[in-house]
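In terms of my numbering, the numbers along the sequence shown are unbroken and rise by one, the last being 292.
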Amino acid sequence: MADHIHELFDKDGNPIGALLSAEAWAVVRDDVLARLGLAEQSTPPEKPEPLGDWETLQEYWDFDYPVDTDVTCSVCGNTTEDWAADDPRKFRLTAANLAGLVSFQCRNCLTKVVKKHFKDTIVTECTPFQGEKLQNKEGRY
Ligand SMILES: [Zn+2]
152 MADHIHELFD
162 KDGNPIGALL
172 SAEAWAVVRD
182 DVLARLGLAE
192 QSTPPEKPEP
202 LGDWETLQEY
212 WDFDYPVDTD
222 VTCSVCGNTT
232 EDWAADDPRK
242 FRLTAANLAG
252 LVSFQCRNCL
262 TKVVKKHFKD
272 TIVTECTPFQ
282 GEKLQNKEGR
292 Y
C-alpha cells in the first residue's frame, strides 16, 4: 500500500500535502473525512440499494434451488452467509433483476461481485475495483 501514497513537498522541502491512489483513498476516505469533521457534508449520498428489485426477484424465484443470500469476495476474502442481515453491510446490493443477475459491491475492497443465477446453478464473478485504471495511474507517477 506504500506506493499508493505520495507525499508532496515544495522546492524547500516544506510539506504541501499528500496524494492518494483511488484504492488507498477508498480505504481511508471515511476515516479522513470523519477526523476532519467533514463526514456529513462531503460524503456523497450513496444510491440506495435496489431492495425492491431483490424482493421482486425473490417473489418470482423459479430456479431449482432456494433463494441464496451468501456472498463471497474472492479478491479480499470478505464473506457473508446473509448479506441482508449484516449491519453494517459487508456487501452492498447494487443491482438485481428478474433474469437472476444480482450484483454486489464488496464494502472491504469495492470489488464488484455478480451472482448469475441459472436454472440449476449459480455462477459468481468478481471484478476488482478499477484494477486496470489504477495500474495506468501508477504508471504516470
Ligand atoms: Zn472484497
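Even glycine gets a Cβ: it sits at the ideal position worked out from N, Cα and C.
Quick caveat, the model's predicted, so the values are computed rather than measured.
Member of Leu252, Thr245, Lys267 whose CA lies at the smallest distance from the CA of Arg258: Nearest of Leu252, Thr245, Lys267 to Arg258, Cα basis: Thr245.
Contact under 7 Å by Cβ, Cys260 with Val222: No.
Please list, in chain order, all residues with a C-beta atom less than 5 Å from at least one heavy atom of ligand 1. The set, ordered by position in the chain, is Cys224, Val226, Cys227, Asn229, Cys257, Asn259, Cys260, Thr262.
Cα separation between Gly168 and Arg180? Answer to the nearest angstrom: the Cα atoms are 15 Å apart.
Just verifying my parser: in three-state terms, what is the DSSP assignment at Ala250? Assigned with DSSP and collapsed to three states, Ala250 falls in coil, not helix or strand.
Determine the DSSP secondary structure at Glu206, reduced to helix, strand or coil. The answer is helix: DSSP assigns Glu206 an H, G or I state.
Residue range of the alpha helix (DSSP H) that includes Ala175: Taken as a continuous stretch (DSSP letters only), the alpha helix (DSSP H) holding Ala175 covers 173 to 186.
His157: buried (16+ other C-beta within 10 angstroms of its C-beta) or exposed? So His157 ends up on the exposed side.
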